[in-house]
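*Asks:* Next up is a structure, given as structure tokens.
Residue numbers (this note's numbering), protein chains in the order written: chain A, 240 to 594; chain B, 240 to 594.
Shown next as structure tokens:
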């Protein structure tokens, strides 16, 4: 299920509290961490089980007569709705375009559904809509259907946006976490943690705020560049909620493969690193909204890196590690000082409403 | 835009207050009445203008290589989430299936996105999910992708559900309000006002409550029965928010046609009529969730009526009136006592969160 890849974080990362011991929804159920995984694995997947859903990639791929269609959905509840580098309107368009792009799909159409709270300023709504409009226009994807609901004061929070997207998957494109193999090179298209720290710093009023800017951006061109450089690319993901850690842990756990990454190779802005240290967070756990992770055959690493770096959104791309057969289900990070540590999912990410 | 057909209620039914005089969102913006229409016409349509969206039918139809795909989205914020005759889970599945069905599309796939409020009982969530599961299974449509977000206490209200659906439009099917013609017969598949009054009575604790049951039901089979009986059916709609009045007023206004309906022909349950009288409401303005309105060439009326009545969901179907060239933009109801009155959109439907 889109943005719930942590969902797939199977046995190794399961939740220590049985779901039937929890009586109520907690914020962590929306965090992309273990609680989200448990909710999806124990409640949602069993209810709706079918092959398209069970792939648990960022998008479902449907074989229709004459075409392969990708479909993905996300609701956006980010707080605040206006943040350094973006707002909920463009975030909703980019996020859904990105989930399509990670399946190699070319975006065809979006739906846009609003849940408004009584009293929300119409001027803010106009700003959000204009931002979504501009983002969709830049991508060249039409918003073809929509919906507006209004709830009373105190029953919502300004505006929530759902965008659902469909895209066409070109012939021959076959991306999915099930194709990841030992020996694959893992590349990230740029610095990690920018979006999450921009939101957190803005929310907490941190002094560093000015340097922390969301990376929200549409990744469809960058994804096509990866595929052009390596048509045999195995999988792509955009590491949103739960950060890069959630993406890696999920793939390692689900595919029973080991993953080793180098801390020294991870691109992290100084301001993000500083803010993370201040707040006791690991950039690996912090959400991104304009970065992709590609799993490509080892021999294609240099070509894909070159392709990424030649696009404005991929200039700071890095090869960060490898998939291996040893230590299946475990993600290990080689630290700056030469040690090793296991990368895990946060139990419940300390950052609610990051997207 | 799906469920925002009132949107299309052009000049004749426009809002007396300019949108730039209103500073904030009010509950009426979600009512399916004039305020919703204004929001869509003045803010949303201008932003996203494209042919698929501008048709303003319940679903967009996209021509893809080899197939015609219908797409529709709706968020469900109904309160209470459990009500006589149904709950938000099945309502969300039925509503989106119905918006596809009204375009003659066969449902192919649904997405399901949850916005949960911290503290929402997991047992209630399990009930909602099981109900959505059962509804999707009965229709035979898979839920192929999903999303879960959680907001803090007081920033949501238990659970909001977005369902977006895609469907295949068979060759030769060409339904849309732009095809409605003078001389068309207007048929409704059963009693009106059941859903809205069930919600309202439950919410207000009316004594009649026991007899008031939502009509939530999937209309895909009934829609196919109409098309089988009359392949040249011009348009179908499910009169949800804003009720039958909103559907008729919108088509009359947008297509510059007159509509005349007979109050005596309108099927309304006694309990609904009684509750409406008690609350000062007109059943024409009350939401339905399991009824369709068909616009068919006059000569096909008897065939379509027979087809509707032979399906369990259409046993109480009626031909309720005609489309005419006279009085373009105006819907007139011939009353029981032989008079005539103009049917209008409510300014802001007095029933927030009906779906």
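Beta carbons are placed, not taken as given, at the ideal position from N, Cα and C, and that holds for glycine. For clarity, every value in this text was computed on a predicted model and none was experimentally measured.
Closer than 9 Å by beta-carbon distance: list the chain A residues that pair up with residue 551 of chain B, in chain order.
*Replies:* The premise fails here: residue 551 of chain B is roughly 26 Å from chain A at the closest Cβ pair, so nothing lies under 9 Å.
*Asks:* Could you confirm whether any beta carbon from chain E is found closer than 8 Å to the beta carbon of residue 422 of chain B?
*Replies:* The question asks about chain E, but that chain is absent: this structure's protein chains are A and B.
*Asks:* Express the C-alpha separation of residue 591 of chain A and residue 275 of chain A in angstroms, rounding to a whole number.
*Replies:* One C-alpha to the other measures close to 12 Å.
*Asks:* In the DSSP assignment, what residue or residues form a beta bridge with residue 516 of chain B?
*Replies:* According to DSSP, residue 516 of chain B bridges with nothing at all.
*Asks:* For a contact meaning CB atoms closer than 7 Å, what does residue 316 of chain A contact in chain B?
*Replies:* Those are 354, 388, 390, listed as they occur along chain B.
*Asks:* Between residue 531 of chain A and residue 476 of chain A, is the Cβ-Cβ spacing less than 8 Å?
*Replies:* Their beta carbons are under 8 Å apart, which means residue 531 of chain A touches residue 476 of chain A by this criterion.
*Asks:* DSSP three-state label for residue 287 of chain B, please.
*Replies:* Helix at residue 287 of chain B.
*Asks:* Excluding the 5 residues preceding and the 5 following residue 450 of chain B in the sequence, name in chain order all residues of the same chain whose CB lies nearer than 6 Å to its CB.
*Replies:* Excluding sequence neighbours, residue 450 of chain B sits near 510.
*Asks:* When the Cα atoms are used, what is the spatial distance from residue 393 of chain B to residue 541 of chain A?
*Replies:* Roughly 50 Å separates the two Cα atoms.
*Asks:* How many angstroms separate the CA atom of residue 446 of chain B from the CA atom of residue 455 of chain B?
*Replies:* For residue 446 of chain B and residue 455 of chain B, the distance between alpha carbons rounds to 22 Å.
*Asks:* Mark residue 346 of chain B as exposed unless 16 or more other C-beta atoms lie within 10 angstroms of its C-beta, in which case mark it buried.
*Replies:* Under this definition residue 346 of chain B is a buried residue.
*Asks:* In chain order, what residues of the segment 265-294 of chain B put their CB closer than 8 Å to some CB of chain A?
*Replies:* Answer in chain order: 265, 266, 267, 268, 269, 270, 275, 278, 279, 282, 283, 286, 287, 289, 291, 292.
*Asks:* Less than 8 Å separating the beta-carbons of residue 337 of chain B and residue 478 of chain B?
*Replies:* Cβ atoms of residue 337 of chain B and residue 478 of chain B: not closer than 8 Å.
*Asks:* Between which two residues does the beta strand (DSSP E) holding residue 489 of chain A run?
*Replies:* Residue 489 of chain A -> not in any beta strand (DSSP E); alpha helix (DSSP H) instead, spanning 482-494.
*Asks:* Cβ closer than 8 Å: which chain B residues qualify as neighbours of residue 313 of chain A?
*Replies:* By Cβ distance, chain B contributes 352, 386.
*Asks:* Could you check what DSSP says for residue 252 of chain A in three-state terms: helix, strand or coil?
*Replies:* The pLDDT assigned to residue 252 of chain A is 46, lower than 50, so where the model puts this residue is not dependable; a value taken from the coordinates is nonetheless given after this. Note: residue 252 of chain A maps to helix in three-state DSSP.
*Asks:* For residue 347 of chain A, which residues in chain B fall below 8 Å Cβ to Cβ?
*Replies:* Those within 8 Å of residue 347 of chain A in chain B are 301, 303.
*Asks:* Any C-beta of chain B sitting closer than 8 Å to the C-beta of residue 245 of chain A?
*Replies:* For residue 245 of chain A, the pLDDT reaches just 40, beneath the cut-off of 50, and the residue's location in the model is therefore unreliable, although a value from the coordinates is still provided. Answer no: the Cβ-Cβ gap between residue 245 of chain A and chain B never drops below 8 Å.
*Asks:* Going by beta carbon distance, what residues of the same chain come within less than 6 Å of residue 508 of chain A, once the five residues before and after it are set aside?
*Replies:* If we look at residue 508 of chain A and ignore the five residues flanking it on each side, its Cβ neighbours are 430.
*Asks:* Based on Cα-Cα distance, which residue from B/360, B/388, B/474, B/527 lies nearest to residue 262 of chain A?
*Replies:* The candidate whose alpha carbon is nearest that of residue 262 of chain A is B/360.
*Asks:* Buried or exposed for residue 538 of chain B, going by 16 or more other Cβ atoms inside 10 Å?
*Replies:* Counting Cβ neighbours within 10 Å, residue 538 of chain B comes out exposed, since fewer than 16 surround it.
*Asks:* Just checking: is the beta-carbon of residue 248 of chain A within a distance shorter than 8 Å of some beta-carbon in chain B?
*Replies:* Note that residue 248 of chain A has pLDDT 40, beneath the 50 cutoff, so the model's placement of it is unreliable and no number is given.
*Asks:* Would the beta-carbon of residue 292 of chain B fall within 8 Å of that of residue 342 of chain B?
*Replies:* The answer is no: Cβ separation not under 8 Å.
*Asks:* List, in order along the chain, the chain B residues whose C-beta lies closer than 7 Å to that of residue 372 of chain A?
*Replies:* Those within 7 Å of residue 372 of chain A in chain B are 286, 287.
*Asks:* Any heavy atom of the ligand COA within a distance shorter than 7 Å of the CB on residue 336 of chain A?
*Replies:* This structure simply doesn't include the ligand COA, nor any ligand for that matter.
*Asks:* Is the Cβ of residue 408 of chain B closer than 8 Å to any Cβ of chain A?
*Replies:* No, because no Cβ of chain A sits closer than 8 Å to the Cβ of residue 408 of chain B.
*Asks:* Identify the contact partners of residue 463 of chain B in chain A, using a Cβ-Cβ distance below 7 Å as the criterion.
*Replies:* The contacting residues do not exist; residue 463 of chain B stays about 18 Å from chain A at best.
*Asks:* Less than 8 Å separating the beta-carbons of residue 561 of chain A and residue 424 of chain A?
*Replies:* In contact: residue 561 of chain A and residue 424 of chain A (Cβ atoms closer than 8 Å).
*Asks:* Secondary structure at residue 522 of chain B, three-state DSSP: helix, strand or coil?
*Replies:* Note: residue 522 of chain B maps to helix in three-state DSSP.
*Asks:* Within the continuous beta strand (DSSP E) that includes residue 313 of chain B, where are the two ends?
*Replies:* Note, residue 313 of chain B: beta strand (DSSP E), 306-315.
*Asks:* May I ask you to report which of helix, strand or coil DSSP gives residue 244 of chain B?
*Replies:* Its pLDDT being 45, under 50, residue 244 of chain B is placed unreliably in this model, and the value from its coordinates should be taken loosely. Note: residue 244 of chain B maps to helix in three-state DSSP.
*Asks:* Check the Cβ-Cβ distances between residue 377 of chain B and every residue of chain A, and say whether any is below 8 Å.
*Replies:* For residue 377 of chain B, the answer is no, since every Cβ of chain A falls outside 8 Å of its Cβ.
*Asks:* Which one or two residues does DSSP pair with residue 356 of chain A in a beta bridge?
*Replies:* Note: residue 356 of chain A sits in a beta bridge opposite A/390.
*Asks:* Would you mind giving the Cβ-Cβ distance between residue 502 of chain A and residue 563 of chain A, rounded to the nearest angstrom? I have them listed as a contact below 8 Å.
*Replies:* At roughly 17 Å, the Cβ-Cβ gap does not stay under 8 Å, so residue 502 of chain A and residue 563 of chain A are not in contact.
*Asks:* Taking the Cβ atom as the reference point for each residue, do residue 371 of chain B and residue 328 of chain B lie within a distance shorter than 8 Å?
*Replies:* Cβ atoms of residue 371 of chain B and residue 328 of chain B: closer than 8 Å.
*Asks:* Can at least three beta-carbon pairs, one atom from the segment 298-316 of chain B and one from the segment 380-387 of chain A, be found at a separation below 8 Å?
*Replies:* Yes, the segment 298-316 of chain B is in contact with the segment 380-387 of chain A.
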